[in-house]
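Going left to right, the sequence shown walks through residues 1 to 440 as full-length UniProt numbering numbers them.
Even for Gly, the Cβ is constructed at its ideal location relative to N, Cα and C.
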Amino acid sequence: MAQDKQSLTETSDSGNHISIFKKNKRLFLAIFATLLLVATIVAVVTGVNSHKNSKNEGTHAILKSSCSSTLYPELCYSAIATVPGATSNLASQKDVIELSINLTTKVVQHNFFTVEKLIATRKLTKREKTALHDCLETIDETLDELHEALVDLNEYPNKKSLKQHADDLKTLLSSAITNQETCLDGFSHEDADKKVREALLKGESHVEKMCSNVLAMIKNMTDTDIANELKTTNRKLKEEKDGDESVWPEWMSVADRRLLQSSSVTPNVVVAADGSGNYKTVSAAVAAAPQKSSKRYIIRIKAGVYRENVEVPKNLHNIMFLGDGRKTTIITGSRNVVDGSTTFNSATVGNNASPHFLYIFFHTHPYTYPKMGSIVAKFREGTRTFVIIDADLVESMHFQHDMTIKVFPNSHDTAIVLGVGGIMHFGRASFSLTVIDFAA
């Protein structure tokens, strides 16, 4: 009996040991599974963070490398790096340029509201009002140029040749930079003007620096790509192929080239001071011209003296002024700085970014004394303006440096080109152009 009891006790103890072992085993497995799960989560999180850190390091390296080619690298870097999430999708210098243009556009838009506020709240002189409206015009032009640059950048490098892409992009940004200077120049005539200038200086200078950075990055990118293309292809660029020495600009159509060489041209409308045409003034003919025309619109200006300031707005495309000759068709304007205009606003003939503008057989001069401050002609850079054949632009202005357009032998004339290194073309091989800084 005692043996049976002892046997039962031993059996019970053995069962307890097995039960405890099973419980411990389950506990161990649970702890192990938990630790394994935690380790897996930590590994995944660490891997993700490592990937993110690696990606962030890569994007910041691209940003720093891109900005290193600029005149204002700290501004270039901080403008992008301080925008939440802005650097997450930077994979190339092209991405940095695109983002920089978008940020620059926002600053330009802010400047627009600053100018509008000044116009609405200040007691202004006639010239200050004119200068502020000049600023609105240059701001509008800057926004257009930045938009065009974005479009061109998105097409880069496949839409055109590398050189043409480079030329167009650099022209647009150069013009955008000059626009800021043009705005501020309108407030440099009197001490009172300079107070308004101070209110604009910070914003305009900021845009100029940002545009300068974009221009530098574009130059760095395109120079590198062009150099690489030359190495891989071992040939000249497409534009230089076969030694093409044509003086005609790339944008000019075959029809326009024939038109300029034709002995007879049929105009769409005729301007005649004596009333024998469709209009008596050039400005009236311009105002009636179709907007954004895809076809050449020819305004013939008959012999006579036209005392007016003519502005060709940017929404008029493919306009052609055709005079009867530089000794007989004369446009003379009277705006000047002394009477309250700005230099920018005083042009006798002004082309405000009207694409593909042709201007031939003319004599143009301001109807003022030289010291009164006015300019004979104003052409927005990037407009693809083409001045050709027997067109006098008579000097009546003081410049810091000489700027001469040699139209034909013995004809030395003066104009102002608003921009640096652009795509302005002057007809035949005998024409020459030097772009300078202007001072009234």
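Item, Value
"Whole-angstrom distance between Ser161 and Glu240, CA atom to CA atom", "Since pLDDT at Glu240 reaches only 48, below the 50 mark, its modelled position is unreliable, and no value is offered."
"Backbone CA spacing between Asn268 and Arg335 [nearest angstrom]", "29 Å"
"Residues sharing a beta bridge with Tyr156, DSSP", "BP columns for Tyr156 are empty, so no partner."
"Residues that Tyr279 bridges to, as DSSP identifies them", "Val271"
"C-beta contact flag for Val207 and Thr328 at 9 Å", "no"
"Limits of the beta strand (DSSP E) - the one that Glu311 falls within", "Val310 to Val312"
"Sub-9 Å separation of Gly277 and Arg300 beta-carbons", "yes"
"For His110, the first and last residue of its enclosing alpha helix (DSSP H)", "Gln93 to Thr121"
"Residues near Val254 in its chain [Cβ-Cβ closer than 7 Å; skip 5 each side]", "none"
"Collapsed DSSP secondary structure at Pro84 in the structure displayed", "coil"
"Between the CA atoms of Glu204 and Glu181 - distance to the nearest angstrom", "8 Å"
"Distance, Lys159 Cα to Leu201 Cα", "38 Å"
"Host alpha helix (DSSP H) of Gln180 (start-end)", "Leu162 to Asp185"
"Under the three-state DSSP convention, the category Thr342 falls into", "coil"
"Span separating the alpha-carbon of Thr130 from that of Ser212", "27 Å"
"For Asp274 and residue 508, the rounded distance between their alpha carbons", "The question about residue 508 has no answer here: the residues shown for the chain are numbered 1 through 440."
"Status (buried if at least 16 other CB within 10 Å, exposed otherwise) for Asn154", "exposed"
"Rounded Cβ spacing between Ala81 and Met210 (contact assumed at less than 8 Å)", "So it is not a contact: roughly 14 Å between Cβ atoms."
"Helix, strand or coil at Glu190 according to DSSP, with G and I counted as helix", "coil"
"Status (buried if at least 16 other CB within 10 Å, exposed otherwise) for Val214", "buried"
"Pairwise C-alpha distance: Asn89 and Arg257", "46 Å"
"Alpha carbon of Lys60 to alpha carbon of Asn111, nearest angstrom", "Reading the sequence as shown, one finds His at residue 60 and not Lys. Taking the straight line from one Cα to the other gives about 29 Å."
"Burial state of Ser66 (16 or more Cβ within 10 Å)", "buried"
"Residues near Val270 by beta carbon distance below 7 Å, same chain, minus five either side", "Gly277, Asn278, Arg300 and Lys302"
"Coil, strand or helix - Asn213 by DSSP", "helix"
"Helix, strand or coil at Val254 according to DSSP, with G and I counted as helix", "helix"
"Reduced DSSP category for Arg197 - H, G, I as helix; E, B as strand; rest coil", "helix"
"The stretch 137–153 in contact with the stretch 166–173 per 3-pair CB rule at 8 Å", "yes"
"Through-space distance from Val108 to Thr114, alpha-carbon basis", "10 Å"
"Three-way DSSP call (helix, strand, coil) for Thr70 in this model", "coil"
"Environment of Ser341 [buried if 16+ CB atoms lie within 10 Å]", "buried"
"Cβ-Cβ distance between Ala347 and Glu311 below 9 Å", "yes"
"Under 9 Å between C-beta atoms of Ser293 and Leu316", "yes"
"Nearest residue (CA-CA) to Asp193, options Met221, Tyr156, Glu74 and Arg127", "Arg127"
"Contact belief for Ile62 with Ser92 at Cβ below 8 Å, rounded distance in angstroms", "7 Å"
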